[in-house]
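Below you'll find the structure, written out as structure tokens, and then a few comments.
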Amino acid sequence: HTVGIGSLLGAINFMVTTQNMRSTAVTLDQISMFVWTSYLTSFLLVLSVPVLAGSLLFLLLDRNFNTSFYDTKKGGNPLLYQHLFWFFGHPEVYVIILPVFGIISECVLFLTDKDRLFGQTSMTFASIWIAVLGTSVWGHHMYTAGLD
1 HTVGIGSLLG
11 AINFMVTTQN
21 MRSTAVTLDQ
31 ISMFVWTSYL
41 TSFLLVLSVP
51 VLAGSLLFLL
61 LDRNFNTSFY
71 DTKKGGNPLL
81 YQHLFWFFGH
91 PEVYVIILPV
101 FGIISECVLF
111 LTDKDRLFGQ
121 TSMTFASIWI
131 AVLGTSVWGH
141 HMYTAGLD
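Anchor point for the sequence shown: position 148 equals 148 in full-length UniProt numbering, and the numbering is continuous, going up by one each time.
This is the structure:
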């Protein structure tokens, strides 16, 4: 749980810093792609890490205190664990890849010696939609186990 708390607090810190410490002269479409993708990564972490912490807490309670969140013999539901895992696991893929998209965009910007990235507004909206869809489509992983 310590790693989860650290991830959550770090993500909140980055989001608040990005929103509050930005210069008033810099509009949202002027923010670099790396900052955008890091902000979206923080957003994904804020949404998904508490769910993972809760599912791990349920698992610890099942194993150590004889509760029945996931144990079918006592009326639990193992699909609950899978839903909670994939609600964390699906956005986690984008937590890994979104900052890389931002880094590559900044490298291209540097190597081409341009002031602004071509299609930056479109890339920003595409990154936002990747983050939004990444949090809402975990259900496609549940088809093998039976969607509830």
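Positions of the beta carbon are idealized from the N, C-alpha and C atoms, including for glycine. For clarity, every value in this text was computed on a predicted model and none was experimentally measured.
Straight-line Cα distance separating residue j from residue i
{"i": "VAL93", "j": "LEU44", "result": "10 Å"}
{"i": "THR112", "j": "THR17", "result": "29 Å"}
{"i": "LEU52", "j": "ALA126", "result": "26 Å"}
{"i": "GLY75", "j": "ASP62", "result": "12 Å"}
{"i": "TYR143", "j": "LEU40", "result": "28 Å"}
Proximity of residue i and residue j at Cβ, strictly below 8 Å
{"i": "GLY54", "j": "HIS90", "result": "no"}
{"i": "ALA145", "j": "LEU56", "result": "no"}
Under the three-state DSSP convention, the category residue i falls into
{"i": "ILE128", "result": "helix"}
{"i": "THR112", "result": "helix"}
{"i": "THR24", "result": "coil"}
{"i": "PHE101", "result": "helix"}
{"i": "ALA145", "result": "coil"}
Beta strand (DSSP E) runs wholly inside the region 67-99, at least 3 long, in chain order: Counting whole runs of 3 or more residues, the region 67-99 contains no beta strand (DSSP E) stretch at all.
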